[in-house]
Amino acid sequence: MVEIISKRDGPRREDVQVKRLIEQNRSTIVRLADQISGGGYSASRMPRQQPKAEGLIIHVGGGTATVAEAKPSIQVTINGRVISKDQDTGRQLHHIGDIRNRGGEQIFVLATKQNGYFAPVDETVAAKLADMDGSRVTATYSEEQLAGDIGAKLGIN
Numbered sequence: 051m052v053e054i055i056s057k058r059d060g061p062r063r064e065d066v067q068v069k070r071l072i073e074q075n076r077s078t079i080v081r082l083a084d085q086i087s088g089g090g091y092s093a094s095r096m097p098r099q100q101p102k103a104e105g106l107i108i109h110v111g112g113g114t115a116t117v118a119e120a121k122p123s124i125q126v127t128i129n130g131r132v133i134s135k136d137q138d139t140g141r142q143l144h145h146i147g148d149i150r151n152r153g154g155e156q157i158f159v160l161a162t163k164q165n166g167y168f169a170p171v172d173e174t175v176a177a178k179l180a181d182m183d184g185s186r187v188t189a190t191y192s193e194e195q196l197a198g199d200i201g202a203k204l205g206i207n
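See the structure below:
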């Protein structure tokens, strides 16, 4: 035996009864919701006043500081990355290279295509720092001194 169920026009009888029950008891439901939420339910249903732009500073977008506006400095991070960063925001401007452990020695590796970097430094930066590539970081030549020398070659104080 096969039963054919077809959709009737209009809402189901149970739905109509529940909607009518809710509408008949709307004031009680709102009063209980306000009591539970400390008045938050009615406050959330009130129309909100739109903010006015008068006297406000509206900032659209998350623009970053350009290299011309930035105050760059050279830093060696904890994980051995040598970067230039903005002194004001602390954001990284460029990745210059890494300090890597090769044969038990700490070596500065310039970020170039020849050294296997996917995003190498500019050719002008690479030309200025070519003699720094392969520099050893030792007890007498620290990471801070390396960063200072790189900054001096790039004209960053």
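Residue numbers (my numbering): 51 to 207.
We treat Cβ as the ideally placed atom computed from N, Cα and C, and that holds for glycine.
Here the structure is a predicted model, which means the values were calculated and not measured.
Assuming residue i and residue j are in contact, meaning their beta carbons sit under 8 Å apart, how far apart are those beta carbons, in whole angstroms?
| i | j | result |
| --- | --- | --- |
| Lys178 | Leu196 | No, Lys178 and Leu196 are not in contact; Cβ-Cβ is about 14 Å, not under 8 Å. |
When you compare the CB positions of residue i and residue j, do they come within less than 9 Å of one another, or not?
| i | j | result |
| --- | --- | --- |
| Thr188 | Glu155 | yes |
| Gly166 | Phe158 | no |
| Gly201 | Ile124 | yes |
| Gln100 | Lys121 | no |
Within its chain, find whatever has a CB closer than 7 Å to the CB of residue i; leave out the 5 residues flanking it on each side and keep chain order.
| i | result |
| --- | --- |
| Val117 | In this prediction, Val117 scores a pLDDT of 49, lower than 50, which makes its location untrustworthy; the coordinate-derived value is nonetheless stated afterwards. If we look at Val117 and ignore the five residues flanking it on each side, its Cβ neighbours are Leu143. |
| Asp59 | none |
| Ile133 | Gln125, Thr127, Gln142, His144, His145 and Ile146 |
| Arg186 | Glu155, Gln156 and Ile157 |
Over the uninterrupted beta strand (DSSP E) stretch that includes residue i, give me the two end residues.
| i | result |
| --- | --- |
| Lys135 | Arg131 to Asp136 |
| Val126 | Pro122 to Val126 |
| Ile149 | Gln142 to Arg152 |
| Leu82 | Segment Arg76 to Ser87 is the alpha helix (DSSP H) holding Leu82; no beta strand (DSSP E) there. |
| Gln156 | Glu155 to Leu160 |
Could you name the residues of the same chain whose beta carbon sits closer than 8 Å to that of residue i, not counting the 5 residues immediately before and after it, in chain order?
| i | result |
| --- | --- |
| Pro170 | Ala161, Thr162, Lys163 and Ala176 |
| Glu194 | Val126 |
Could you pull the start and end residues of the alpha helix (DSSP H) that residue i belongs to?
| i | result |
| --- | --- |
| Ile54 | Segment: none, Ile54 is in no alpha helix (DSSP H) and carries neither H nor E. |
| Lys178 | Glu173 to Lys178 |
| Ala202 | Glu193 to Leu204 |
| Tyr91 | Gly90 to Arg95 |
When DSSP builds the beta bridges, which residues end up paired with residue i?
| i | result |
| --- | --- |
| Arg186 | Ile157 |
Enumerate in chain order the residues of its own chain whose CB-to-CB distance from residue i is below 6 Å, with the five nearest sequence positions on each side excluded.
| i | result |
| --- | --- |
| Ser92 | Asp84 |
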